[in-house]
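K.L.:
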Ligand code: NAD
Ligand code: UDP
Ligand code: UDP
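Numbering (the UniProt record's numbering), first residue to last: 91 to 433.
What follows is the structure, encoded as structure tokens:
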């Protein structure tokens, strides 16, 4: 029988031999890197609600304490300010590895740091997973497909990425992160999962992250500024509401399959169509202004989600027209000073 030699009096205080309630292990111990960010904080909410113990590891580059503040004081929640580029020792059952800026404006800000986060940061978290036998989930991206020559994109497509372009720090960084993940799986037997996430939006996105949805909604329509459409506005994206993504990530982690899995909403919109939906939702009189497009901007993006449907039993439930108003009310509160943060 296992005993605690340093706990004098433990046995006698519990003559029944039952573990006292406070010591009972409930749920799993889970690390969420990047857990103070947009997607991470929503994931943390779900894990905590499920009864797991969650450790958020974040350097607050794009994340905010406000996103997780509602868990402060909960004994099942810990927040560590740490950069994943540095090694980290923890004892956990699962690692959701999200740490990495996601918006092009943020990841281009310090491209070398973005590569280090993706490569060295992912290596460290895989090293941690190997040491403690934890299951590791990588949040990769649709950007591994680059400017895709296949449409919609299937997981079997190898992509069309410019290795020396301004987006490469992110695209190639995530591709290398996927490679590392598979090499730790094959070489060291680490249990891994890979998600390829397509454009996701929702409450708690950074207001100034420069992504199209936050620009149109937070920077522009709500402030009565014109919507800035880059290029001719005919390029497409598929926009997924954050709760659908979180459901997909959790199913992937708990399921039997390594992946990669596309997690995205197959509803495809041109940027001009997106501007129309924003007009319908916020202000029918909002004007549109055209601006030059950024370098290497992918022309089309739409996930083929057959694999996730079949193997994870997952598909998105929230359409853009349903999800956008949910984000708008959060942005309104944050911009116009109602003190409630997050959702
Ligand atoms: P986000 O920028 O809101 O969150 C990223 C979090 O990681 C932030 O809290 C940030 O402070 C933290 N971080 C960054 N570098 C770090 C480092 N070196 N050490 C520790 N923490 C660090 O972005 P998000 O939208 O929540 O994205 C989360 C993950 O999902 C990212 O890995 C991103 O690449 C991936 N992803 C997101 C989208 C999307 O549309 N949101 C699409 C594809 C992939
Ligand atoms: N690592 C970590 N936490 C751990 C175990 C490893 O941060 O609990 C880091 C470690 O510092 C190394 C990386 O993960 O930089 C890869 O570790 P691994 O053991 O796979 O390789 P090695 O240390 O032999 O290079
Ligand atoms: N875009 C736009 N107006 C903006 C910001 C972005 O038209 O104010 C376009 C951008 O050129 C791209 C698409 O919207 O074609 C999506 O850009 P975002 O930065 O949101 O994410 P990406 O999918 O490129 O990572």
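C-beta: ideal position from N, C-alpha, C; glycine also.
Is it the case that the CB of residue 193 approaches a heavy atom of ligand 3 more closely than 8 Å?
P.N.:
yes
K.L.:
Work out the CA separation of residue 395 and residue 352 for me, nearest whole Å.
P.N.:
The straight-line gap from Cα to Cα measures roughly 6 Å.
K.L.:
Please work out which residues of its chain come closer than 6 Å, Cβ to Cβ, to residue 102, disregarding the five sequence neighbours upstream and downstream, and give them in chain order.
P.N.:
For residue 102, the pLDDT reaches just 39, beneath the cut-off of 50, and the residue's location in the model is therefore unreliable, leaving the point undetermined.
K.L.:
Could you tell me the alpha carbon to alpha carbon distance between residue 322 and residue 393, rounded to whole angstroms?
P.N.:
So the two alpha carbons sit approximately 22 Å from each other.
K.L.:
Specify whether the segment 295-312 and the segment 370-381 touch according to this definition: at least 3 beta carbon pairs, one from each stretch, less than 8 Å apart.
P.N.:
yes
K.L.:
Could you compute how far the alpha carbon of residue 120 sits from the alpha carbon of residue 247?
P.N.:
31 Å
K.L.:
Leaving aside the five residues before and after residue 188 along the sequence, list all residues of the same chain whose C-beta is less than 8 Å from its C-beta, in chain order.
P.N.:
122, 123, 124, 125, 127, 129, 130, 133 and 229
K.L.:
Please name the residue, chosen from 406, 150 and 240, that lies closest to residue 287 on a Cα-to-Cα basis.
P.N.:
406
K.L.:
Once DSSP output is grouped into helix, strand and coil, what is the label at residue 369?
P.N.:
When secondary structure is reduced to three states using DSSP, residue 369 falls in the helix class.
K.L.:
Taking the CB atoms as reference points, tell me whether residue 292 and residue 413 lie closer together than 9 Å.
P.N.:
Closer than 9 Å, so yes.
K.L.:
Flag residue 343 as yes when its Cβ comes closer than 8 Å to any non-hydrogen atom of ligand 1, and as no otherwise.
P.N.:
no
K.L.:
Just checking residue 149 against ligand 2 - is the residue's beta carbon closer than 8 Å to any of the ligand's heavy atoms?
P.N.:
Incorrect: residue 149 has no Cβ contact closer than 8 Å to ligand 2.
K.L.:
If you drop the 5 nearest sequence neighbours on each side, which residues of the same chain put their C-beta closer than 6 Å to that of residue 424?
P.N.:
none
K.L.:
Buried or exposed: which applies to residue 268, given that a residue is buried once 16 or more other Cβ atoms fall within 10 Å of its Cβ?
P.N.:
buried
K.L.:
Pull the bridge partners of residue 184 from the DSSP assignment, please.
P.N.:
120 and 225
K.L.:
Just tell me which of 349, 318, 315 and 357 has its CA closest to the CA of residue 448.
P.N.:
Here the chain has residues from 91 to 433 only, and residue 448 is not among them.
K.L.:
What is the rounded straight-line gap between the Cα of residue 218 and the Cα of residue 310?
P.N.:
43 Å
K.L.:
Can you check DSSP and say which residues form a bridge with residue 169?
P.N.:
146
K.L.:
Along the chain, where does the alpha helix (DSSP H) containing residue 437 start, and where does it finish?
P.N.:
Summary: the structure shown does not reach residue 437, with the chain confined to residues 91 through 433, and so no result is reported for it.
K.L.:
In whole angstroms, what separates the C-alpha of residue 422 from that of residue 149?
P.N.:
If I take the Cα positions, the gap works out to 27 Å.
K.L.:
For ligand 2, any of its heavy atoms closer than 8 Å to the Cβ of residue 220?
P.N.:
With a cutoff of 8 Å, residue 220 counts as near ligand 2, since its C-beta is closer than that to a heavy atom of the ligand.
K.L.:
Which of the three DSSP states, helix, strand or coil, is assigned to residue 309?
P.N.:
helix
K.L.:
Once the 5 residues before and after residue 418 are set aside, which same chain residues still bring their CB inside 7 Å of it?
P.N.:
307, 371 and 372
K.L.:
What is the DSSP secondary structure of residue 267, counted as helix, strand or coil?
P.N.:
helix
K.L.:
Determine the burial state of residue 226: buried for a count of at least 16 other Cβ atoms within 10 Å of its Cβ, exposed for fewer.
P.N.:
buried
K.L.:
Please work out which residues of its chain come closer than 6 Å, Cβ to Cβ, to residue 99, disregarding the five sequence neighbours upstream and downstream, and give them in chain order.
P.N.:
Because residue 99 sits at a pLDDT of 32, beneath the cut-off of 50, its placement in the model cannot be relied upon, and the point is left open.
K.L.:
Tell me whether residue 324 is buried or exposed, calling it buried when 16 or more other Cβ atoms sit within 10 Å of its Cβ.
P.N.:
exposed
K.L.:
Just the C-alpha distance for residue 398 and residue 192, rounded to the nearest angstrom, thanks.
P.N.:
22 Å
K.L.:
Could you check if residue 233 belongs to the surroundings of ligand 3, using beta carbon to heavy atom distance under 8 Å?
P.N.:
Residue 233: yes, Cβ under 8 Å from ligand 3.
K.L.:
Is the beta carbon of residue 124 within less than 8 Å of some heavy atom of ligand 2?
P.N.:
no
K.L.:
Anyone know if the C-beta pair for residue 206 and residue 175 falls short of 9 Å?
P.N.:
yes
K.L.:
When the distance is taken between beta carbons, is residue 185 closer than 9 Å to residue 139?
P.N.:
no
K.L.:
Give the secondary structure of residue 113 by DSSP, where H, G and I count as helix, E and B as strand, and everything else as coil.
P.N.:
Here the model assigns residue 113 a pLDDT of 45, short of 50, so the residue's position is not dependable and the matter cannot be decided.
K.L.:
For a quick check, are the C-beta atoms of residue 367 and residue 380 less than 9 Å apart?
P.N.:
no
K.L.:
Give the single residue among 318, 160 and 314 whose Cα lies nearest to the Cα of residue 302.
P.N.:
318
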